[in-house]
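The structure appears right after this line, and notes come after that.
Protein chains in written order, with this note's numbering: chain L, 1 to 258; chain H, 1001 to 1712.
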């Protein structure tokens, strides 16, 4: 089965986010960039599915040329092919993004002569958090879709997707091809190896200009920072006397039993 | 938490390894009411200490840096935070093999146990190293790693136990008040502290803190990339942090060290990535810490190939993942040395910056001794903040030289190697003539000085076998046999030497004689017109400078000292003048150019262009006098650093070229040659037996034997 995983280049923010003067974006002048955490898990899931069941894995992003960094990150952990839908660097809304990705999927599937069995997305991007792109692509391609998935079992011609809700599981079955958006926790993404990094560096990235179709889209007008709690450091004690309060904190966090 | 005291003996800004070391040693030496402030939390406030790879190689070609390092290791061992692992610097090229032999020579000079080993022995010690990639290794068994955060905590605790130190983490310095050129108070977001002494131990933020007081610490934050890969199966069973020697892959500018179950790979090979102190993210906004920036993989990828070549069994293992990767910030300086000591701009404002883990406790001790007694045991003159000339503090110079120096971190650097960037900063009035004569310029303190003249190549034929050959490539590098030919011509005939790089300091006023009597060793109450060559000593009898002083009047003296140490000497003298205004110091360096005329025909030459009496009786040795050469008014001083008859001629800068032309024309029939600094500062002064400060004597050279040379 061929798997396509879509990722987004997002700022690697620290504790406190700073906005640009017009308050319409995060100030990234001092920040690095990364892949959204949900999407890192989607990449790992794609790599595992293909390693286990064969087929090809492809990673796609819509973004500026610099987003090649995120494509290489995905190839470094085993994704075979990479596609950059290149933008001019401006932020696209979810409808325009989904339309461009759907177009690219159609074009690639017709070139390959077979559809992707699975299109994997992160549940939402770490920066814009629209929760829309995966669903919109599914609708555009008329494929079934489950969101918020934390476990995935692929069988012959069908996929079973597990979604956690209030401590219980919703379990869905869909015929392939299908669309799944995954959540962090579905797996533990691997670290890239040095040979993996070097292979990724040598691989080609297929580049095409992203085609922006005129669609009604949500427009971001302004960001506002929520009141942020200051970090507080509390010394629980020194030496052996510190052990009981530390254990108590670990208990409160549910990391050790009572 | 207790509140900030209203008064402190000293405020130390920065609680990384440097600030903690300074605090502890000041406490140990008896200071009390020490306040240590850091913007970040403890024990890791977020500076470079927190992400350092924490390993210590012992040998540096610099005696000063090795002394700092060896003292630091002694302290880390005493604190029980040192783990000895051994270390191997490997050579991939024949050039590096030669360099490792030189490192062995330096090691022996400084008393560091070390040996050269073959590739198979290296692989025996480091089984994951591929011996086929290397030609040899330089093995230092005493290399190790430290826990620098733990060391800092212990030093704070010890100082606190003496009742000497209070520490305020999460406290930001917002200003430093200066009154009458001296520190008066430190302002923080927790309140203000009255103090007359501040030590800036703020690492990459040091320029920003110093600027609050109107001083400069010329360093630049720069990125050093490091990745950590693991888990390494081979390391699974090893105890503690490190069981294998640290490897420095010198030819690729990289290092590899075990850190628990991981292998850390660091690089100094990537492009220089410089930052401004003001652009470092705040603690709150930083993803990891302010000095751990996002990794830029494209810079590191080429180095990864080279690391893989050397350590394929670990780095080629698909199960071993890159678990951590950072662009870590460290401090670079325009000449690569730390920046230590009291700033020349502000009394009581001390810098302890651009310091690595390997030398921090030793430097902390040195700074504390310097602050308390003025006479540190280890001579810090090469790191003295007072060494910088104004142009060397300029941001353009700091960036250019720091960038150029970054890739030399593991480089094969010849002691005479010249900087390529930001040259032609200070030009003497003889420069145009020197260029016409094919001068090869070396830089001192920004001055372009001819080291030899290619136009003198014809002298090689003239002197033939008397020109000593330098057969080895290394010793012939940054050298020319022409220097030896110029030397012989100076001894046979007469030479003209551009000495405009001299720092010239006029000391005048009713208290001038009394002040210089205190500052200089030699008798200064000499007749007007005498020239005195003298050392300057610190309180322990260590030699801080050697220079000449001319008595130009009853209350007027002119001090002439080498360009390299000129700014240090100026601060030393200024610091030791009385504060009552009875003596004024004026830096006249930019007013006067200097031309040395020496050789057996020097008197003949000078006499031909002046109507003044320059006979031995009329112008004896060690005297100075105003004469006229052609139409140029010149202060002539009959001394010599080269062991020949002659004068240093000081002329107004703008008339220098005329002075040169006059002597050159008159010198032609007398066989005059332009002579470079290669002769002046190297062969001639060595043959004469003059010592050079910084090489042959230092602060550590004690002045107690009357062996000072007295004649020229």
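A virtual CB, placed ideally from N, CA and C, is assigned to each residue, including glycine.
Would you say residue 1057 of chain H and residue 1174 of chain H are within 8 Å of each other, going by their C-beta atoms?
As a position in the second chain, residue 1057 of chain H is number 57, starting the count at 1. As a position in the second chain, residue 1174 of chain H is number 174, starting the count at 1. Not a contact, by the Cβ cut-off of 8 Å.
Give a yes or no on whether 8 Å exceeds the smallest Cβ distance from residue 1301 of chain H to chain L.
Residue mapping note: residue 1301 of chain H aligns to position 301 of the second chain, counting from 1. Judged by the 8 Å Cβ criterion, residue 1301 of chain H is in contact with chain L.
Identify whether residue 1258 of chain H lies in helix, strand or coil by the three-state DSSP scheme.
Sequence index remark: in the second chain, residue 1258 of chain H carries index 258 (1-based). It is a strand residue.
How long is the line joining the alpha carbons of residue 238 of chain L and residue 248 of chain L, rounded to whole angstroms?
Position 238 of the first chain holds residue 238 of chain L. Position 248 of the first chain holds residue 248 of chain L. Spanning the two alpha carbons is a distance of roughly 15 Å.
Suppose contacts are defined by Cβ-Cβ distances below 8 Å. Is residue 1402 of chain H in contact with residue 1344 of chain H by that definition?
Along the second chain, one-based indexing puts residue 1402 of chain H at 402. Along the second chain, one-based indexing puts residue 1344 of chain H at 344. Contact: no.
At which residue ranges does the region 1259 to 1331 of chain H contain complete alpha helix (DSSP H) runs of 4 or more residues, listed in the order of the chain?
1297 to 1310, 1312 to 1315
Against chain H, which members of the region 5 to 19 of chain L pass a CB distance test of less than 9 Å?
12, 13, 14, 15, 16, 17, 18
Beta carbon proximity, residue 188 of chain L to chain H, threshold 8 Å:
For this step, residue 188 of chain L is matched to residue 188 along the first chain. Not an interface residue.
Of the residues L:39, L:142, L:159, which one's Cα is nearest the Cα of residue 190 of chain L?
Residue numbering aside, residue 190 of chain L sits at position 190 when the first chain is read from its first letter. Looking at the Cα atoms, L:39 is the closest of the given residues.
Short of 7 Å Cβ to Cβ, which residues in the region 1229 to 1250 of chain H face chain L?
1229
Quick check: what's the CA-CA separation for residue 1220 of chain H versus residue 1331 of chain H?
Against the second chain, residue 1220 of chain H aligns to sequence position 220. Against the second chain, residue 1331 of chain H aligns to sequence position 331. Near 6 Å, if we compare the C-alpha coordinates of residue 1331 of chain H and residue 1220 of chain H.
If the cut-off is 8 Å on Cβ atoms, which residues from the region 189 to 215 of chain L count as contacting chain H, listed in chain order?
Correct list: 190, 191, 192, 193, 194, 195, 196, 197, 198, 201.
Status (buried if at least 16 other CB within 10 Å, exposed otherwise) for residue 1695 of chain H
The residue given as residue 1695 of chain H occupies position 695 in the second chain. So residue 1695 of chain H ends up on the exposed side.
Within its chain, find whatever has a CB closer than 6 Å to the CB of residue 1001 of chain H; leave out the 5 residues flanking it on each side and keep chain order.
Within the second chain, residue 1001 of chain H is the residue found at index 1, counting from 1. Its pLDDT being 48, under 50, residue 1001 of chain H is placed unreliably by the model, and the measurement read from it follows with that caveat. Hits under 6 Å: none found.
On a CA-only basis, which of H:1588, H:1189, H:1178 is nearest residue 1039 of chain H? Give me that one, please.
By 1-based counting over the second chain, the position of residue 1039 of chain H is 39. Per the Cα distances, H:1189.
Less than 8 Å between CB atoms is the rule here; does residue 45 of chain L satisfy it with respect to chain H?
On the first chain, residue 45 of chain L is found 45 positions in, with the first residue counted as 1. Closer than 8 Å: no.
State the DSSP-derived secondary structure class of residue 1089 of chain H, mapped to helix, strand or coil.
For this step, residue 1089 of chain H is matched to residue 89 along the second chain. Strand at residue 1089 of chain H.
Hey, could you find the ends of the beta strand (DSSP E) residue 1226 of chain H is sitting in?
Here residue 1226 of chain H refers to the residue found at position 226 when the second chain is read from its first residue. Segment 1220 to 1230, the beta strand (DSSP E) holding residue 1226 of chain H.
Which bits of chain L does residue 1542 of chain H rub up against, with CB to CB less than 7 Å?
Indexing the second chain from 1 puts residue 1542 of chain H at position 542. The premise fails here: residue 1542 of chain H is roughly 43 Å from chain L at the closest Cβ pair, so nothing lies under 7 Å.
Check whether the region 1559 to 1573 of chain H and the region 1495 to 1511 of chain H touch, using three or more Cβ-Cβ pairs below 8 Å as the test.
yes
If residue 1530 of chain H and residue 1551 of chain H are in contact, beta carbons under 8 Å, what's the gap, nearest whole angstrom?
Position 530 of the second chain holds residue 1530 of chain H. Position 551 of the second chain holds residue 1551 of chain H. At roughly 5 Å, the Cβ-Cβ gap stays under 8 Å, so residue 1530 of chain H and residue 1551 of chain H are in contact.
Thinking residue 36 of chain L and residue 10 of chain L are a contact (beta carbons under 8 Å), I'd like their distance in whole angstroms, please.
Residue 36 of chain L sits at position 36 when you count from the first residue of the first chain. Residue 10 of chain L sits at position 10 when you count from the first residue of the first chain. About 5 Å separates the two Cβ atoms, so the contact holds.
Short CB-CB distance (under 8 Å) between residue 1266 of chain H and chain L
Against the second chain, residue 1266 of chain H aligns to sequence position 266. So no, residue 1266 of chain H is outside the interface.
State the start and end residues of the unbroken beta strand (DSSP E) segment that holds residue 57 of chain L.
Counting from one through the first chain, the residue named residue 57 of chain L turns up at place 57. Looking at the DSSP string, the run of the beta strand (DSSP E) that includes residue 57 of chain L is 57 to 63.
If the cut is a Cβ gap below 8 Å, which residues of chain H does residue 159 of chain L touch?
Here residue 159 of chain L is taken as the residue at index 159 of the first chain, counted from 1. Within 8 Å Cβ-Cβ: nothing; residue 159 of chain L doesn't reach chain H, min ~28 Å.
Does any C-beta atom of chain L lie closer than 8 Å to the C-beta of residue 1294 of chain H?
Looking up residue 1294 of chain H in the second chain gives position 294. Yes, contact with chain L.
I'd like the list of long-range same chain contacts for residue 1101 of chain H, defined as Cβ closer than 8 Å, with 5 residues on each side in sequence excluded.
What you label residue 1101 of chain H is simply residue 101 of the second chain in a count that begins at 1. 1116.
If we call anything under 8 Å between Cβ atoms a contact, is residue 101 of chain L one with residue 62 of chain L?
Taking the first residue of the first chain as 1, we reach residue 101 of chain L at position 101. Taking the first residue of the first chain as 1, we reach residue 62 of chain L at position 62. A contact, by the Cβ cut-off of 8 Å.
Taking only the alpha-carbon atoms, compute the straight-line gap between residue 1035 of chain H and residue 1289 of chain H and give it to the nearest angstrom.
To locate residue 1035 of chain H, count along the second chain from 1; it is residue 35. To locate residue 1289 of chain H, count along the second chain from 1; it is residue 289. If I take the Cα positions, the gap works out to 24 Å.
Using the Cβ count rule (16 or more neighbours within 10 Å means buried), how would you classify residue 186 of chain L?
The residue labelled residue 186 of chain L in the question sits at position 186 within the first chain. Classification of residue 186 of chain L: buried, given that the 10 Å Cβ count is 16 or more.
Helix or strand or just coil, what does DSSP make of residue 1712 of chain H?
Here residue 1712 of chain H refers to the residue found at position 712 when the second chain is read from its first residue. With a pLDDT of only 37 at residue 1712 of chain H, under 50, the local geometry of the prediction cannot be trusted, and the value read off the model is given with reservation. Of the three classes helix, strand and coil, the one that applies to residue 1712 of chain H here is coil, per DSSP.
Since residue 163 of chain L is in the beta strand (DSSP E), which residue starts that stretch and which ends it?
The residue given as residue 163 of chain L occupies position 163 in the first chain. Residues 158 to 165.
Closer than 8 Å to chain L by CB, residue 1037 of chain H:
Translated into positions along the second chain, residue 1037 of chain H becomes position 37. By this cut-off, residue 1037 of chain H is not an interface position.
Entirely enclosed alpha helix (DSSP H) segments - the region 1015 to 1099 of chain H, minimum 4 residues
1017 to 1028, 1063 to 1078
Going by C-alpha to C-alpha distance, which of H:1193, H:1172, H:1479 sits closest to residue 1208 of chain H?
In the second chain, the residue the question calls residue 1208 of chain H occupies position 208. The option with the nearest alpha carbon to residue 1208 of chain H is H:1172.
Where do the N-terminal and C-terminal ends of the beta strand (DSSP E) with residue 1138 of chain H fall, by residue?
Taking the first residue of the second chain as 1, we reach residue 1138 of chain H at position 138. Unbroken beta strand (DSSP E) run through residue 1138 of chain H: 1136 to 1140.
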